[in-house]
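Engineer:
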Amino acid sequence: SKENAPYYQHKEIGYNYRMSNVVAGIGRGQLKVLDQRIAKKKYIFEYYKEAFRDLDELEMMPIAPYGEPNYWLSCVTINPECEVRPKALLDYLAAKHIEGRAIWKPMHLQPVFKGSPFFNHNPEEPSVSEDIFTRGLCLPSDTKMTDADLDRIVTRINWFFGAASSRY
């Protein structure tokens, strides 16, 4: 049911309950290395967090003081005062053969739920999910990435924002 859009968009509800024996076997095998994968995802998140610590234009996804995250995606939001929008950064990264992704479109904005009730925390402001969707993006987070890959991504993003102030 996913539409052809740069983010997840749905005009209809679809279900996919199938799981072949092969896919189940792969999933079962991956459970044996789950702790290692989570550790690598945390490493990637912390790498980005440290690399962007002095970059005022970006904020890493906050970690709640309770529970333990799995760090599956490393997401950032662009400072609201910054004129750069996520699409500009995503387009720039794509031109450099770096795949970033848009944050998921909130459910209440999906065409399939048009007309369904939605209760905003403050009707005078965009919802938290709308704000994150408007200003956020997912950075590359594959566990096969090396430090050289991370350095390349970080260097490009830092360069982009260093140059962006005069271009946007």
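Quick note on my numbering: the sequence shown kicks off at 240 and runs consecutively.
Think of the CB as a built atom: it goes at the ideal place given N, C-alpha and C, for glycine as much as any other residue.
Spell out a yes or no on whether the segment 277-289 and the segment 374-386 are touching, meaning 3 or more CB-CB pairs, one atom from each, closer than 8 Å.
Structural biologist: Segments in contact, yes.
Engineer: Tell me which residues share the same chain as R395 and place their Cβ nearer than 8 Å to its Cβ, disregarding the 5 neighbours each side in the sequence.
Structural biologist: The residue given as residue 395 occupies position 156 in the sequence shown. Cβ within range, chain order: Y331, L332, K335 and I337.
Engineer: Could you check where the alpha helix (DSSP H) with T382 kicks off and where it finishes?
Structural biologist: Along the sequence shown, one-based indexing puts residue 382 at 143. That residue, T382, is in no alpha helix (DSSP H); it is neither H nor E in DSSP.
Engineer: Is E369 helix, strand or coil when you go by DSSP?
Structural biologist: For the purposes of this step, residue 369 is taken as residue 130 along the sequence shown, with counting starting at 1. Three-state DSSP puts E369 in a helix.
Engineer: Which residue wins for smallest C-alpha separation from C424, given the options W343, E242, K250 and L348?
Structural biologist: This structure gives no information on residue 424, because the portion of the chain shown stretches from 240 to 407.
Engineer: Can you check whether the CB of R374 is closer than 8 Å to the CB of P325?
Structural biologist: Taking the first residue of the sequence shown as 1, we reach residue 325 at position 86. Taking the first residue of the sequence shown as 1, we reach residue 374 at position 135. Yes; because the gap between Cβ atoms is below 8 Å, this pair is in contact.
Engineer: Indicate the three-state DSSP secondary structure (helix, strand or coil) for M258 in the structure shown.
Structural biologist: Taking the first residue of the sequence shown as position 1, residue 258 is located at position 19. Note: M258 maps to coil in three-state DSSP.
Engineer: Restricting to Cα atoms, I'd like to know which of L329, A278 and P304 is closest to I317.
Structural biologist: In the sequence shown, the residue the question calls residue 317 occupies position 78. Ranking L329, A278 and P304 by Cα distance to I317 puts L329 first.
Engineer: How long is the line joining the alpha carbons of R340 and Y247, rounded to whole angstroms?
Structural biologist: Working through the sequence shown from its first residue, we reach residue 340 at position 101. Working through the sequence shown from its first residue, we reach residue 247 at position 8. Looking at the two C-alpha atoms, the distance is approximately 10 Å.
Engineer: Using only alpha-carbon positions, find the residue among Y254, K250 and P245 that is nearest to Q349.
Structural biologist: Sequence index remark: in the sequence shown, residue 349 carries index 110 (1-based). When each option's Cα is compared against that of Q349, the closest is K250.
Engineer: Can I283 and L376 be called in contact, C-beta distance under 8 Å?
Structural biologist: Working through the sequence shown from its first residue, we reach residue 283 at position 44. Working through the sequence shown from its first residue, we reach residue 376 at position 137. Going by C-beta atoms, I283 is not nearer than 8 Å to L376.
Engineer: Residues bridged to G375 by DSSP?
Structural biologist: Counting from one through the sequence shown, the residue named residue 375 turns up at place 136. In DSSP, G375 forms a bridge with T316.
Engineer: The ligand MG heavy atoms versus the CB of L329: any closer than 7 Å?
Structural biologist: Judged by which ligands are present, the structure shown has none, so any question about the ligand MG falls away.
Engineer: When you compare only the Cα positions, how much space is there between A327 and N397?
Structural biologist: Walking along the sequence shown from the start, residue 327 turns up at place 88. Walking along the sequence shown from the start, residue 397 turns up at place 158. Their Cα atoms are separated by approximately 14 Å.
Engineer: Tell me whether L294 sits in a helix, a strand or coil according to DSSP, three-state version.
Structural biologist: Within the sequence shown, the letter at position 55 stands for residue 294. Coil.
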